[in-house]
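Per the numbering used here, the sequence shown starts with residue 1027, numbered consecutively.
Beta carbons are placed, not taken as given, at the ideal position from N, Cα and C, and that holds for glycine.
The structure under discussion appears below in the form of structure tokens.
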Amino acid sequence: MKRGKKYQEALKLIDRTKRYSLVESIELLKKVSYAKFDATVEVAFRLNIDPRKADQNLRGAISLPNGTGRSVRVLVIAKDAKAKEALAAGADYAGDSEYLDKIKGGWFEFDTLIATPDMMGELGKLGRVLGPKGLMPNPKTGTVTMEIEKTVKEFKAGKVEYRTDKAGNILVPVGKVSFDNVKLAENVQAVYRQLMRVKPSTIKGVYMENVAITATMAPGIKVASETIEK
1027 MKRGKKYQEA
1037 LKLIDRTKRY
1047 SLVESIELLK
1057 KVSYAKFDAT
1067 VEVAFRLNID
1077 PRKADQNLRG
1087 AISLPNGTGR
1097 SVRVLVIAKD
1107 AKAKEALAAG
1117 ADYAGDSEYL
1127 DKIKGGWFEF
1137 DTLIATPDMM
1147 GELGKLGRVL
1157 GPKGLMPNPK
1167 TGTVTMEIEK
1177 TVKEFKAGKV
1187 EYRTDKAGNI
1197 LVPVGKVSFD
1207 NVKLAENVQA
1217 VYRQLMRVKP
1227 STIKGVYMEN
1237 VAITATMAPG
1247 IKVASETIEK
């Protein structure tokens, strides 16, 4: 894949053979981020897991201590009182059949989908369109719940989902380039701790094979995992 001149110039500032400390990687990231907008910062973990095994197919959600810096559009599929509770808590959209029909028609103007358990039968019929987009509610991520007010507020405040891809990678947004360095580091540390907490007991050898941090359009920077907690 051919990269532009700005990307190539940014790449020259990175030692591709080196794993930087978390502090160094964040400082360098801000130097190589050339986007004219406030770019999203993401951290990628390459794990020594086999997602085909149920106990190693990691999925969940975590509340970042400093949020993500972006506005999250939340849709709640629920009936009557629970829909009203969702809107009062700050959900962008809430209802049942009206929104199910809109999704069937190709409407996806939301980032997070939360549902009450009684609505999962209907939502299950939309699995083919919601699943590939990573929007299907799941108990593992806390998006199938009766605690609507609490869950809406958490996701609006910066709770993020994580899930393993087919190659064993997990990519999580952890803020914006404009964030204070310490706040970015705290968010990365929060994700790291969560992934260490859910480490499958069947894993042998090195669990966290590679960690990298990147910003929109910018090249990635390898992070020494042992420095994340220091």
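Rounded Cβ spacing between residue i and residue j (contact assumed at less than 8 Å)
| i | j | result |
| --- | --- | --- |
| V1067 | V1200 | 5 Å |
| V1178 | A1117 | 5 Å |
| R1099 | F1136 | 5 Å |
| V1198 | V1069 | 6 Å |
| S1047 | A1250 | 6 Å |
| I1254 | L1054 | That belief does not hold up - the Cβ atoms of I1254 and L1054 are roughly 15 Å apart, past 8 Å. |
Of the residues the options, the one placed nearest residue i, counting alpha carbons only
| i | options | result |
| --- | --- | --- |
| P1226 | L1073, K1056, Y1033 | L1073 |
| P1163 | V1102, E1053, A1211, V1049 | V1102 |
| D1081 | G1246, Y1233, K1248, V1224 | V1224 |
| V1237 | G1194, G1030, L1037, V1155 | G1194 |
| M1243 | D1127, V1214, R1078, V1058 | V1058 |
| G1168 | F1181, P1245, P1158, K1159 | F1181 |
Residue i CB to nearest heavy atom of the ligand MG below 7 Å
| i | result |
| --- | --- |
| G1132 | This structure does not include the ligand MG; it has no bound ligands of any sort. |
Residue i, DSSP secondary structure in three states
| i | result |
| --- | --- |
| R1189 | strand |
| I1247 | strand |
| T1177 | helix |
| G1086 | strand |
Within-8 Å CB hit, residue i to chain B
| i | result |
| --- | --- |
| G1121 | Absent here is chain B; the protein component of the structure consists of one chain. |
Delimiting residues of the alpha helix (DSSP H) encompassing residue i
| i | result |
| --- | --- |
| M1222 | 1207-1223 |
| I1272 | Residue 1272 falls outside the range modelled here, since the chain spans only 1027 to 1256, and no answer is possible. |
Backbone CA spacing between residue i and residue j [nearest angstrom]
| i | j | result |
| --- | --- | --- |
| G1095 | S1051 | 20 Å |
| L1039 | I1174 | 46 Å |
| I986 | R1045 | The structure shown does not extend to residue 986, since the chain spans only 1027 to 1256, so no value can be given for it. |
| T1043 | N1092 | 31 Å |
| E1212 | Y1218 | 10 Å |
| L1090 | D1206 | 14 Å |
Extent of the continuous beta strand (DSSP E) to which residue i belongs
| i | result |
| --- | --- |
| Y1033 | Unbroken run through Y1033 is the alpha helix (DSSP H), 1031-1037; no beta strand (DSSP E). |
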